[in-house]
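8 is the number of the first residue of the sequence shown in our numbering; add one for each residue after it. We treat Cβ as the ideally placed atom computed from N, Cα and C, and that holds for glycine. To keep things clear, I will list the structure first and then write my remarks on it.
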Amino acid sequence: MIERGQEIATLGTLLRRHRVVGLIGARQVGKTTLARRLAQAWPGRVEYFDLENPEDQARLADPLLVLKPLRGLVVIDEIQRIPNLFGVLRVLADRPQRPARFLVLGSASPELLRQTS
């Protein structure tokens, strides 16, 4: 496995500064692996949603209801599969108390975006 200490440190810094951080790139380049490594090192609670998993998709049928009470780091992998999550994240990031940080991962593949419609 390739060590990604600098990348993990950079993501950690960005998440301390910003409520929502996006990691976007082609499929199979290591976004999920990097996010999992960051989650292992995260000092608080971590909640992980993989939107290629039908159970996690079902959990987010009402995303505001599910995400609003979460604390710590929330990782949402393959976010492009549920495009309406972006508006929900804006609402959650704008809350005064801001108890959660969101790391969203997505593929930039146009053909994949067409498949999710």
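Extent of the continuous beta strand (DSSP E) to which residue i belongs
| i | result |
| --- | --- |
| Asp84 | 79-84 |
| Asp7 | As displayed, the chain neither begins before 8 nor continues past 124, which places residue 7 out of reach and without an answer. |
Those residues which DSSP pairs with residue i across a bridge
| i | result |
| --- | --- |
| Phe109 | Val27, Val81 |
| Gly19 | BP columns for Gly19 are empty, so no partner. |
Reduced DSSP category for residue i - H, G, I as helix; E, B as strand; rest coil
| i | result |
| --- | --- |
| Trp12 | At residue 12 the sequence reads Gly, which differs from the Trp that was named. In this structure, Gly12 counts as helix in the three-state DSSP scheme. |
| Asp69 | coil |
| Val95 | helix |
Status (buried if at least 16 other CB within 10 Å, exposed otherwise) for residue i
| i | result |
| --- | --- |
| Ile86 | buried |
| Ala68 | exposed |
| Val36 | exposed |
| Val125 | Outside the modelled stretch of the chain, which goes from 8 to 124, sits residue 125, for which no answer is possible. |
| Val28 | buried |
| Val98 | exposed |
| Leu71 | exposed |
| Arg23 | exposed |
| Arg102 | exposed |
| Arg105 | exposed |
| Ala42 | buried |
| Val88 | Per the sequence shown, the amino acid found at residue 88 is Arg instead of Val. By the neighbour-count rule (16 or more Cβ atoms within 10 Å), Arg88 is buried. |
Start-to-end residues for the alpha helix (DSSP H) that takes in residue i
| i | result |
| --- | --- |
| Arg43 | 38-48 |
Any C-beta of chain B under 8 Å from that of residue i
| i | result |
| --- | --- |
| Val98 | Absent from the structure: chain B. Only one protein chain is present. |
Inter-stretch contact (C-beta, 8 Å, three-pair minimum) for the segment 106-116 and the segment 64-82 = yes
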